[in-house]
Amino acid sequence: MHEQQTVRLQTEVDTHASRTHTCGELSEGHVEHHVILKGWVDTRRDLGGVIFIDLRDRFGLTQIVFSPQDNQAAYNKAENLRSEDVISVKGTVRLRSNDTINPKLPTGKVEVRIEDVLVLNTANALPFSVSSHEEKRNLANEELRLTYRYLDLRRPELLEKLVLRHKVYQATRNVFVKHGFMEVETPVLMKSTPEGARDFLVPSRVHAGQFYALPQSPQTYKQILMIAGFDRYFQIVKCFRDEDLRADRQPEFTQVDVEISFANEETVYNITEDLLATLWKEILDIELPLPFPRMTYQEAITKYGSDKPDLRFGLEIHDLSHAFEGSGFRVFDNVLASGGKIVGINVPGQGDRGRGAMDRLDKDVVRKRIGAGGLVYFKLPSDGSETYSSVKAEVLPASAVEKAVEAIGAKQGDLVLVLAGKDHQVHEQMGALRLHMAKDLNLIPQGNQGPWSFLWVTDFPLLEWDEDSQRYYAMHHPFTSPHPDDMESMFDNPGATRARGYDIVLNGHEIGGGSIRIHNRDIQSQMFKLLDIDEEEAERRFGFLLKAFDYGAPPHGGIAMGLDRIVMLMGGTENIRDVIAFPKTQSAQELMVQSPDIVDDHQLNDLHIRVEMPPEE
RNA sequence: GGUCCGGUAGUUAAGUUGGUUAUAACGCCGGCCUGUCACGCCGGAGGCCGCGGGUUCGAGUCCCGUCCGGACCGCCA
Numbered sequence: 162m163h164e165q166q167t168v169r170l171q172t173e174v175d176t177h178a179s180r181t182h183t184c185g186e187l188s189e190g191h192v193e194h195h196v197i198l199k200g201w202v203d204t205r206r207d208l209g210g211v212i213f214i215d216l217r218d219r220f221g222l223t224q225i226v227f228s229p230q231d232n233q234a235a236y237n238k239a240e241n242l243r244s245e246d247v248i249s250v251k252g253t254v255r256l257r258s259n260d261t262i263n264p265k266l267p268t269g270k271v272e273v274r275i276e277d278v279l280v281l282n283t284a285n286a287l288p289f290s291v292s293s294h295e296e297k298r299n300l301a302n303e304e305l306r307l308t309y310r311y312l313d314l315r316r317p318e319l320l321e322k323l324v325l326r327h328k329v330y331q332a333t334r335n336v337f338v339k340h341g342f343m344e345v346e347t348p349v350l351m352k353s354t355p356e357g358a359r360d361f362l363v364p365s366r367v368h369a370g371q372f373y374a375l376p377q378s379p380q381t382y383k384q385i386l387m388i389a390g391f392d393r394y395f396q397i398v399k400c401f402r403d404e405d406l407r408a409d410r411q412p413e414f415t416q417v418d419v420e421i422s423f424a425n426e427e428t429v430y431n432i433t434e435d436l437l438a439t440l441w442k443e444i445l446d447i448e449l450p451l452p453f454p455r456m457t458y459q460e461a462i463t464k465y466g467s468d469k470p471d472l473r474f475g476l477e478i479h480d481l482s483h484a485f486e487g488s489g490f491r492v493f494d495n496v497l498a499s500g501g502k503i504v505g506i507n508v509p510g511q512g513d514r515g516r517g518a519m520d521r522l523d524k525d526v527v528r529k530r531i532g533a534g535g536l537v538y539f540k541l542p543s544d545g546s547e548t549y550s551s552v553k554a555e556v557l558p559a560s561a562v563e564k565a566v567e568a569i570g571a572k573q574g575d576l577v578l579v580l581a582g583k584d585h586q587v588h589e590q591m592g593a594l595r596l597h598m599a600k601d602l603n604l605i606p607q608g609n610q611g612p613w614s615f616l617w618v619t620d621f622p623l624l625e626w627d628e629d630s631q632r633y634y635a636m637h638h639p640f641t642s643p644h645p646d647d648m649e650s651m652f653d654n655p656g657a658t659r660a661r662g663y664d665i666v667l668n669g670h671e672i673g674g675g676s677i678r679i680h681n682r683d684i685q686s687q688m689f690k691l692l693d694i695d696e697e698e699a700e701r702r703f704g705f706l707l708k709a710f711d712y713g714a715p716p717h718g719g720i721a722m723g724l725d726r727i728v729m730l731m732g733g734t735e736n737i738r739d740v741i742a743f744p745k746t747q748s749a750q751e752l753m754v755q756s757p758d759i760v761d762d763h764q765l766n767d768l769h770i771r772v773e774m775p776p777e778e
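The opening position of the first sequence corresponds to residue 162 in the numbering used here, with each subsequent residue numbered one higher.
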């Protein structure tokens, strides 16, 4: 092995006074001031007789200059300084000559000539580069960056996101305090609620065989607080769901949790809109037009095939069933006969796509990824030649194709994509295809320069039918109030009952959701009945809440917002890990501390737990 | 549980139809350089091509398995 010859500097005790300035604040006004700066060596430029170092802390960069004329000892030390060494320097602020001003740095009009330097700590050669100057260089892969998260967090780009997050906490608290809300902490060790996501469980030492659960949300506690008369509650709170991860989903995440007494939907919408408008105004200096637009769940599914539609681009879904009635095309006829729908989107400017591209779209996207039966498409070539149908005219008459093309409003040069299937399902599939096409054609703006497409999605269904278990599940949760106009349908047509539930959507991401709750014992009983929860089970699982309802529960409702997602979108990233200091990988591991991990047997014994490993295949 | 993409010096990438000594840039080490600012110039070191197996005279390259990372589906009241 070749030994590295570097002479590492001896580290020194910091005998300097506290820093007088950060590395981001010196300017012309400080010229001739004696200053003390402390920070990390970002880049070092050794010109032989003079050494420049960009000193970095979280506030910025300042160029410091070592020259034998200023101080020989300091210059000698500077010769051996390396990236990320931590130093304290004493020196004098000097104006840079006109030709040496660095317009890229806020501190670029000045520099500090160093009279004394202390090496507070040295740094090994880094596994990847973290310099403030590295923005244009290729980023190390995320696995490595997560393993050395403390280095990754030194990068201004990531630091910026966490500063943004900090500002969101502060502004959020201010908004709620302004509106008379009270911040209350609820337990992190609570009770498992089998419905919904999988719980993270915490074994009890004192109660053998029993478990706490980490909250999926403080739902029941916040309702109890309303019954306690707290009137308006909020909390910035960690929540936990043991489900598989996504780009915008972590197993532990932060909610802005809100509950309001004597509230209706408008109360919740107003507060939420004020919060979001304030965040955007104070932090991004962007004025959001209020109120946010609203759309019913039904419309969102019908027009966009999603309960969180991204309205920043068109490609709306059209129902083409009528155009294909009696077309004689067996596939379509069968779908229509069984009550299904034929839906399409018009993709402008794509009418000249090649056969190969369309085949791949059908095979790889429509069938494989989206899981639809197959794609039918019509191309309207840009040269004005005859419409091309993917289904031969002998099978699907040209007249039907013309009707559909007209119904959807396709013009020369456009491409019409058509799917057929079960009503709700085919809309969702087309929604997925719509998103795919938008991404493929770069119709979705990136970054945080807007547009900001906020949307309330309202009138969610109360219940969701599960084919596997042949029963209803609560779409939101079992305490969501049915829509006042749908009280009867709760008894005669449960599946069609709308709820007083709503989501707030931003640019196609669900950033919050909530409901007006049930505070009437009879309606709650009927809800449990629909959910196939008998009295005994209701008592066991929610007895405390039902009992509380009997002691004077005010009407109430609320919302919970996903703080991580809000910060993510404000920060212009699509990666939730970028706004969490210590996030987990897709397989739910934290690579720096290497969690989860095995524990000692005595710990397991204390908890009355025996581990049985899954059989190895 | 499934589909897809990726894994090659410290880092980011290239690597042809399977063929001699696996390239480049940055970083690192040594030297030179008194106004740089992603300083520059000269030189050098640095590789279990993720791991295991197979095919082949020969594998970074082809096949199978596996691990890790990522995107997505399922899942996420």
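Virtual Cβ for every residue (Gly too), placed ideally from N, Cα, C.
- Just so you know, the alpha carbons of Met519 and Ser293 end up roughly 44 Å apart.
- Looking at the DSSP output, Tyr633 sits in a beta bridge with Trp626.
- In this structure Leu437 is not in contact with Ser614, their Cβ atoms being roughly 12 Å apart against a cut-off of 8 Å.
- Using a C-beta cut-off of 8 Å, the region 692 to 706 makes contact with the region 371 to 387, since at least three inter-stretch Cβ pairs fall below that distance.
- Here Gly517 carries a helix assignment [DSSP, helix/strand/coil].
- Nearest to Val278 by C-alpha distance, out of Lys690, Met343, Val254 and Lys199, is Lys199.
- Taking the C-beta atoms as reference points, Ile212 is found no nearer than 8 Å to Val250.
- Less than 8 Å separates the beta-carbon of Val508 from that of Asp575.
- By the neighbour-count criterion, in which a residue is buried when 16 or more other Cβ atoms sit within 10 angstroms of its Cβ, Pro264 is exposed.
- One Cα belongs to Pro645, the other to Gln687, and the distance between them is close to 14 Å.
- Per DSSP, Gly608 is not a residue of any beta strand (DSSP E), being assigned neither H nor E.
- Proximity of the region 749 to 769 to the region 446 to 465 falls short of the contact definition, fewer than three beta-carbon pairs being nearer than 8 Å.
- The straight-line gap separating the alpha-carbon atoms of Pro606 and Leu476 is approximately 15 Å.
- Secondary structure of Tyr663 (DSSP, three-state): strand.
- Note that the C-beta distance between Pro454 and Tyr430 is not below 8 Å.
- Around the beta carbon of Gly719, 16 or more other beta carbons sit within 10 angstroms, so the residue counts as buried.
- In the pairwise beta carbon analysis, the region 347 to 363 is classified as touching the region 397 to 412: at least three pairs are separated by under 8 Å.
- Membership of Ser676 in any alpha helix (DSSP H) is not indicated; the residue belongs instead to the beta strand (DSSP E) covering His670 to Ile677.
- In this structure His588 is in contact with Ile478, their Cβ atoms being roughly 6 Å apart against a cut-off of 8 Å.
- Around Ile770, the same chain offers Pro364 as residues with beta carbons nearer than 7 Å, after the five sequence neighbours per side are excluded.
- Beyond the five residues adjoining it in sequence on each side, Thr181 comes within less than 7 Å, by CB distance, of Val196 and Ile197 in the same chain, given in chain order.
- Across the structure, Arg659 and Phe621 are spaced so that their CA atoms are roughly 6 Å apart.
- Per DSSP, reduced to three states, the secondary structure at Asp725 is helical.
- Counting along the chain, Ile388 sits inside the alpha helix (DSSP H) bounded by residues Gln380 to Ile388.
- In this structure, Leu594 keeps its C-beta atom at 8 Å or more from the C-beta atom of Val566.
- Residue pairing by DSSP places Ser422 opposite His717 in a beta bridge.
- Counting of Cβ neighbours within 10 angstroms places Thr268 among the buried residues, the total reaching 16 or more.
- When rounded, the separation of the alpha-carbon atoms in Gln396 and Tyr538 is 50 Å.
- Counting only runs of 4 or more residues that sit fully inside the region 432 to 517, the alpha helix (DSSP H) segments are 458 to 465, 482 to 485 and 491 to 498, in chain order.
- The alpha-carbon of Trp617 is positioned some 22 Å away from that of Ala332.
- Collapsing the DSSP output to three states places Tyr373 in a strand.
- Beta-bridge annotation (DSSP): Ser249 is paired with Lys199 and Leu279.
- Comparing C-alpha distances from Thr428 to each of Ala657, Arg393 and Arg491 shows the shortest one belongs to Arg393.
- Inter-segment contact for the region 298 to 313 and the region 275 to 290 is present: three or more beta-carbon pairs are separated by less than 8 Å.
- Of the other Cβ atoms in all chains shown, fewer than 16 fall within 10 Å of the Cβ of Asn335; this residue is therefore exposed.
- Only residues of its own chain outside the window of five on either side were considered, and among them Leu752 and Met753 have a CB closer than 7 Å to the CB of Thr308, listed in chain order.
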